[in-house]
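Everything below concerns the one structure shown next.
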Amino acid sequence: MRRLILSICAALAALAALPVLAHSERLPLYDGPAPGSEHWTQERVEIVNGERRQVYNTSQPVYELHLPRPERASGAALVMLPGGGLRVLGTGADLYDEIEALVAQGVAVMLLEYRTLQLTPDQIERASAPPPPRPEGASPARFPRMTIVNGNANPAQGNAAMDEVLRLATQDAQAALRLLHSNAAAWNIDPDRIGVMGTSAGGGVAFGALLDRDAPAEEQPDFLVSIYGPALQDVATWEGAPPLFLAVEAEHGAVTDGLIEAFRIWNDAYQSAELHIYQVPNFSMTVDLWGPRLFAWMREQGIIRAD
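According to mature numbering (1 follows the signal peptide of the UniProt record, and there is no 0), the stretch in the sequence shown is residues -22 to -1, 1 to 285, in order.
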């Protein structure tokens, strides 16, 4: 009997030690060339510096699927859209911390490398160079503000190249949502609990998918999570609109103002939205800060099961 008890304890310990994060191989989002960027010629560039990872010139989107173990699966899923101003994608250690935290809650995560603005090697070299050191005692840099109209915090309004990249990136997010829907049964996903989560410009891409009311139902998210990622187009809501969870730093300039206005638009229409503004340095928010409240919100919204 003692051996049996020890064997059971060992088995349970081994099960508990299994990672909650299942890291799949990278797979192409589209069968064949991505529509709209077939003739892009700049080479994809990946720069790794410690825990930081930057990807430039994505023309063929790919995804990583991270599924919870079957006994942990809640049925919820989301498309994760990293940030980078639509010019680069930051997919370093912090992002994988977020994925691991979500998977531990039973949420399936599709990390999407979506299309970004094409840059020349010289432009990438300048963009990826470390910033010059700030003089000792200097005040933190202030982010520029802008007049927010209809919740639109796009700093490049009217820029045709950026508008096209936003359109294609949004198309990629919608294709990822469609893929999650089409594989819902195989991946233990409830097709009525599939959302989008974006950081910085990824939040703008998430809003793009949310606001496209003409898209098929399987390309429309059931909820939106934005981590300092404002809408990059005019915001309008409707009766029964998906719930929003928004988190941002207090001094992130137009980003903060844009998310406040998006929240106000949802709130004025009596649609579900929750906004958190943290008095912390910009880009310092980690999942340890906003994660506990996000997961509580997801339970309250019925997105993941209550404990």
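Cβ atoms here follow ideal geometry from the backbone N, Cα and C, with glycine treated the same way.
Just so it is clear, the structure is predicted and the values come from calculations on it, not from any experiment.
Item to check | With 16 other Cβ atoms within 10 Å as the buried cut-off, status of Glu3 | outcome: With fewer than 16 other Cβ atoms within 10 Å, it is exposed.
Next on the checklist: Whole angstroms are fine: how far does the CA of Glu21 sit from the CA of Gly231?
Outcome noted: Cα to Cα, the separation comes out at about 33 Å.
Next on the checklist: Bridge partners for Met88 per DSSP, in chain order?
Outcome noted: DSSP lists Leu43, Val57 as partners of Met88.
Next on the checklist: Rounded to the nearest angstrom, what separates Gly136 and Pro48 at their Cα positions?
Outcome noted: Going from the Cα of Gly136 to the Cα of Pro48 covers about 46 Å.
Next on the checklist: So, for Arg240: in the same chain, excluding its five sequence neighbours on each side, which residues have a beta-carbon less than 6 Å away from its beta-carbon?
Outcome noted: The sequence given here has Ala at residue 240, not Arg. Exclusion of the five residues before and after Ala240 leaves Gly129, Ala209, Val213 as the residues of its chain whose Cβ lies within less than 6 Å of its Cβ.
Next on the checklist: According to DSSP, is Ala(-1) part of a helix, a strand, or is it coil?
Outcome noted: Low confidence applies here, because Ala(-1) scores a pLDDT of 49, under 50, leaving its location unreliable; read the following figure in that light. In the three-state scheme derived from DSSP, where H, G and I count as helix and E and B as strand, Ala(-1) is classed as coil.
Checklist entry - Which residues mark the beginning and the end of the beta strand (DSSP E) in which Tyr74 is found? => result First-last for Tyr74: 71 to 82, but that is the alpha helix (DSSP H), not the beta strand (DSSP E).
Next on the checklist: Tell me whether Phe121, by its Cβ, gets closer than 7 Å to a heavy atom of the ligand SAH.
Outcome noted: Within the structure as shown, the ligand SAH is missing, as the structure has no ligands at all.
Next on the checklist: Checking the sheet assignment: what are the DSSP bridge partners for Asn130?
Outcome noted: DSSP, once it has assigned bridges, lists Val127 as partnering Asn130.
Next on the checklist: Are the CB atoms of Ala153 and Leu272 within a distance shorter than 8 Å?
Outcome noted: Result no, Cβ atoms of Leu272 and Ala153 do not sit closer than 8 Å.
Checklist entry - Where Ile(-15) and Arg191 are concerned, what is the direct C-alpha to C-alpha distance, given to the nearest angstrom? => result Its pLDDT being 34, under 50, Ile(-15) is placed unreliably in this model, and the coordinates cannot settle the point.
Next on the checklist: Report the start-end ranges of each alpha helix (DSSP H) in the segment 149 to 204 that is 4 residues or longer and not cut off at the edges.
Outcome noted: List check, alpha helix (DSSP H) in window: 179 to 189.
Checklist entry - What distance in whole Å lies between the Cβ atoms of Met140 and Leu95, which are believed to be in contact at a cut-off of 8 Å? => result Rounded to the nearest angstrom, the Cβ distance from Leu95 to Met140 is 7 Å, consistent with a contact under 8 Å.
Checklist entry - From what residue to what residue does the alpha helix (DSSP H) around Pro260 run? => result Rather than Pro, the amino acid found at residue 260 in this sequence is Asn. Note, Asn260: premise wrong, no alpha helix (DSSP H); not H, not E.
Next on the checklist: Check for me: the alpha helix (DSSP H) holding Val233 runs from which residue to which?
Outcome noted: From DSSP, the alpha helix (DSSP H) with Val233 extends over 232 to 246.
Next on the checklist: By the three-class DSSP mapping on this structure, what secondary structure does Ala105 have?
Outcome noted: The answer is helix: DSSP assigns Ala105 an H, G or I state.
Checklist entry - Would you report the Cα separation of Tyr256 and Leu267, rounded to the nearest angstrom? => result For Tyr256 and Leu267, the gap between their C-alpha atoms comes out near 9 Å.
Next on the checklist: Buried or exposed, going by whether 16 or more other CB atoms sit within 10 Å of the CB of Tyr248?
Outcome noted: When all chains shown are included, Tyr248 counts as exposed.
Next on the checklist: For a test of the three-state rule: what should DSSP assign to Ile7, helix, strand or coil?
Outcome noted: A small fix is needed here, since residue 7 is Leu in this sequence, not Ile. Three-state result, Leu7: coil.
Item to check | Given 8 Å, three or more beta-carbon pairs between the segment 35 to 46 and the segment 153 to 172 | outcome: Yes, the segment 35 to 46 touches the segment 153 to 172.
Checklist entry - Alpha carbon to alpha carbon, what distance is there between Pro194 and Ala251? => result Straight-line Cα distance between these residues: approximately 23 Å.
Checklist entry - Going along the chain, which residues of its own chain have a beta-carbon closer than 7 Å to the beta-carbon of Ala71, five neighbours each way excluded? => result Here the set comprises Glu29.
Checklist entry - Going by alpha carbons, who is nearest to Gly14 out of Ala55, Leu146, Arg120? => result Comparing Cα positions, the closest option is Leu146.
Item to check | Which residues DSSP lists as bridging Glu227, in chain order | outcome: Answer is Tyr256, bridged to Glu227.
Checklist entry - Are the beta-carbon atoms belonging to Ala184 and Leu59 less than 8 Å from one another? => result Taking the C-beta atoms as reference points, Leu59 is found nearer than 8 Å to Ala184.
Item to check | Exposed unless 16 or more other CB atoms sit within 10 angstroms - verdict on Trp275 | outcome: Buried is the call here.
Next on the checklist: Given this structure, state the Cα-to-Cα distance separating Pro173 from Pro113, to the nearest angstrom.
Outcome noted: What sits at residue 173 in the sequence shown is Gly, not Pro. Near 43 Å, if we compare the C-alpha coordinates of Pro113 and Gly173.
Checklist entry - Quick one: what's got a C-beta closer than 8 Å to Gly236's C-beta in the same chain, skipping five residues either side? => result Excluding positions up to five away in sequence, the list reads Ile126, Gly129, Asn130, Ala131, Pro208, Ala209.
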